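Numbering (my numbering), first residue to last: 17 to 394. Just so you know, even glycine gets a beta-carbon here, dropped at the ideal spot from N, CA and C. As the structure is a computational prediction, the values presented were derived from the model and not from experiment.
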Amino acid sequence: MPRWFWCVSTVAVACAIARLGLGADPTALPNSPGPLAGPAPLAVWDATLRATAGGGYRHNVLRTSVAPESSGFVAAAGDLSVMRLAESGAQATFLFMGEDTRYLDAPSVDKEQWFSGTAEASWPLGPADQVGGWLQYFYQNQVVDVSETEVELRRVLIEGHGVSVRPEWQHTLWPGWHLKLEGTMHRQFYRATLDQYWEGAGRLGLTHEYGRRSEWSVGFQSRHRFYDTRLQYDQQAQPIPGTRLVYWQPELTGAWRHHWDANRHWRTTTRLSLMLNRDNGSGYFDYNRLLVAQQLRWSRGGWQATTQARLGWYRYDLQRITGQRRYRAYCELDLRLERRLGKHGLLYAAAQREWDFSNDPLDEYRDWMASAGLGAEF
Numbered sequence: 017m018p019r020w021f022w023c024v025s026t027v028a029v030a031c032a033i034a035r036l037g038l039g040a041d042p043t044a045l046p047n048s049p050g051p052l053a054g055p056a057p058l059a060v061w062d063a064t065l066r067a068t069a070g071g072g073y074r075h076n077v078l079r080t081s082v083a084p085e086s087s088g089f090v091a092a093a094g095d096l097s098v099m100r101l102a103e104s105g106a107q108a109t110f111l112f113m114g115e116d117t118r119y120l121d122a123p124s125v126d127k128e129q130w131f132s133g134t135a136e137a138s139w140p141l142g143p144a145d146q147v148g149g150w151l152q153y154f155y156q157n158q159v160v161d162v163s164e165t166e167v168e169l170r171r172v173l174i175e176g177h178g179v180s181v182r183p184e185w186q187h188t189l190w191p192g193w194h195l196k197l198e199g200t201m202h203r204q205f206y207r208a209t210l211d212q213y214w215e216g217a218g219r220l221g222l223t224h225e226y227g228r229r230s231e232w233s234v235g236f237q238s239r240h241r242f243y244d245t246r247l248q249y250d251q252q253a254q255p256i257p258g259t260r261l262v263y264w265q266p267e268l269t270g271a272w273r274h275h276w277d278a279n280r281h282w283r284t285t286t287r288l289s290l291m292l293n294r295d296n297g298s299g300y301f302d303y304n305r306l307l308v309a310q311q312l313r314w315s316r317g318g319w320q321a322t323t324q325a326r327l328g329w330y331r332y333d334l335q336r337i338t339g340q341r342r343y344r345a346y347c348e349l350d351l352r353l354e355r356r357l358g359k360h361g362l363l364y365a366a367a368q369r370e371w372d373f374s375n376d377p378l379d380e381y382r383d384w385m386a387s388a389g390l391g392a393e394f
């Protein structure tokens, strides 16, 4: 296993052990009557640890239509969350997540890994306003589909690091109605293959919460991506020396999460996104993208099943394939089933199926994956 996985595992185990004493100490509170004088105070710390290990088989490790490679694999994953809640309503959350996959018989790819660490905090400014933000680090060594924005590359194994900062302000308009303004600054580093870039974005969103912890939201985001050295292209797909490529990506989003019964056994989540990609040159990289995702989750009596479908459609303005405007579409289906074993144990099984369609043969591929394993949660 990589060094970061063992570091996170060590921290996770330590926090899991320490969780036995994470409740507030009554003697540390001002004017405390003592542990036997009344009900125990609310805990100001909480922690959750989850780890899984298993294996499976992937049909197309490189997600390619040219010389696909199939392989069995073993995988380990974990996540740790730690939260502190103050009496003032301020709170801080630390979340660490990672996954390591080792392929047993794929000549081109021996492993895929990712890890993220996030620190988030918020403070109330009054009965209607709240400010906060988060800082995130993300590492990946994965096969990634870059055909959306690249000229010749399709799916490649990339290694990179990203750091994001996002301040936010939320205002309560009426009970259950919230307006949120967010700003994001992101820096992306790559070891090779892809060009590094800066990214800045602003988002305005409206959320309405209603019964059974359900909600819907709409939002608009404007994002700019500034590449370090990547060049603009003319309409004949030729690079323009002395230029620097910039993308502008305005996006409309919508989401609806609904619990269908009083005990919240059934939940659906619907997400929609319409994004336009516009470059600062000839428009060679311009495209429109529509994404739709639908998730269904059922949970009862130690069982939990989640299924999700994702659909994406891209249409490019200037790029041509055999005289026609380039287009691309994909469909992904996911299924995961979990069974709790006692207080902490669990078993899981998962499956994934993906289809990519395009008038460019290099964009098309098929893939499926199946896996199973066991885990623990504290």
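Span separating the alpha-carbon of residue i from that of residue j
i: T64; j: F110; result: 11 Å
i: R287; j: V308; result: 6 Å
i: A67; j: W214; result: 33 Å
i: Y343; j: W329; result: 8 Å
i: W276; j: D295; result: 43 Å
i: Q158; j: L169; result: 15 Å
i: R229; j: M201; result: 31 Å
i: R341; j: R246; result: 24 Å
i: G72; j: A388; result: 6 Å
i: A53; j: H240; result: Since pLDDT at A53 reaches only 43, below the 50 mark, its modelled position is unreliable, and the value read off the structure follows with that caveat. So the alpha carbons of these two residues sit roughly 58 Å apart.
i: S104; j: T188; result: 17 Å
i: L362; j: A69; result: 11 Å
i: L101; j: G176; result: 34 Å
i: Y300; j: Q248; result: 8 Å
i: W185; j: L141; result: 10 Å
i: Q237; j: F131; result: 26 Å
i: R313; j: K359; result: 21 Å
i: S289; j: Y332; result: 17 Å
i: R260; j: S81; result: 32 Å
i: L96; j: W384; result: 29 Å
i: D121; j: R74; result: 10 Å
i: V234; j: L195; result: 10 Å
i: V98; j: G114; result: 15 Å
i: R397; j: W150; result: Absent from the model: residue 397. The displayed extent of the chain is 17 to 394, so no value can be given.
i: F394; j: A278; result: 26 Å
i: C347; j: V60; result: 44 Å
i: A253; j: A106; result: 52 Å
i: R283; j: L327; result: 20 Å
Sequence-distant residues of its chain with Cβ nearer than 7 Å to residue i (five each side left out)
i: W232; result: H224, A271, W272
i: G318; result: R355, R356
i: P84; result: N76, L78
Expected contact under 8 Å - CB spacing of residue i and residue j to nearest Å
i: Y153; j: V179; result: 6 Å
i: Q311; j: Q324; result: 4 Å
i: L222; j: L197; result: Actually they are not in contact, since the Cβ atoms of L222 and L197 sit about 11 Å apart, beyond 8 Å.
i: N293; j: Q265; result: 5 Å
i: H281; j: R316; result: 5 Å
i: D376; j: I337; result: 5 Å
Cutoff 6 Å; reference residue i; Cβ partners in own chain excluding five residues on either side
i: G199; result: P183, G218
i: D350; result: Q324, Q368
i: A137; result: A108, G148
i: S374; result: R344, E380
i: A366; result: R352, S387
i: Q146; result: S138, P140, Q186
i: W193; result: H224
i: V160; result: I174
Bridge partners - residue i, DSSP secondary structure assignment
i: K196; result: Q186, G221
i: S97; result: T64, L111
i: L362; result: R356, G391
i: Q254; result: DSSP output for Q254 lists no bridge partner at all.
i: W272; result: W232, T286
i: F131; result: G114, Y155
i: G148; result: S138, E184
i: N304; result: L292, R331
i: P266; result: S238
i: A211; result: Note on residue identity: the sequence assigns Asp, not Ala, to residue 211. Note: D211 sits in no beta bridge, so no partner.
Selection from the options that minimises the alpha carbon distance to residue i
i: N304; options: M291, R316, G297; result: M291
i: D379; options: E370, L197, W282; result: E370
i: Y364; options: A91, E85, H75; result: A91
i: P191; options: Y119, S163, G227, L220; result: G227
i: L173; options: G258, R79, D302; result: R79
i: G94; options: N76, T117, L101; result: T117
i: T285; options: D211, E164, T322; result: T322
i: Q156; options: W150, E128, F89; result: E128
i: D126; options: T165, M99, G88, A144; result: G88
i: Q335; options: L151, P143, D62, E166; result: E166
i: S298; options: P255, E267, G339, L327; result: P255
i: T269; options: L306, D302, G258, R283; result: L306
i: S86; options: A208, A392, R382, L390; result: R382
i: A135; options: Y119, V181, E267; result: V181
Residue-level contact to chain C via CB, residue i, 7 Å cutoff
i: V160; result: Given the protein chain composition of this structure (a single chain), no chain C is represented.
8 Å Cβ shell around residue i - same chain, five flanking residues per side excluded
i: V162; result: L169, R170, R171, V172, I174, L210
i: V262; result: H240, R241, F242, Y243, D295, N296
Closer than 6 Å: residue i CB and nearest the ligand NAD heavy atom
i: W139; result: Among the components of this structure there are no ligands whatsoever, and the ligand NAD is therefore not found.
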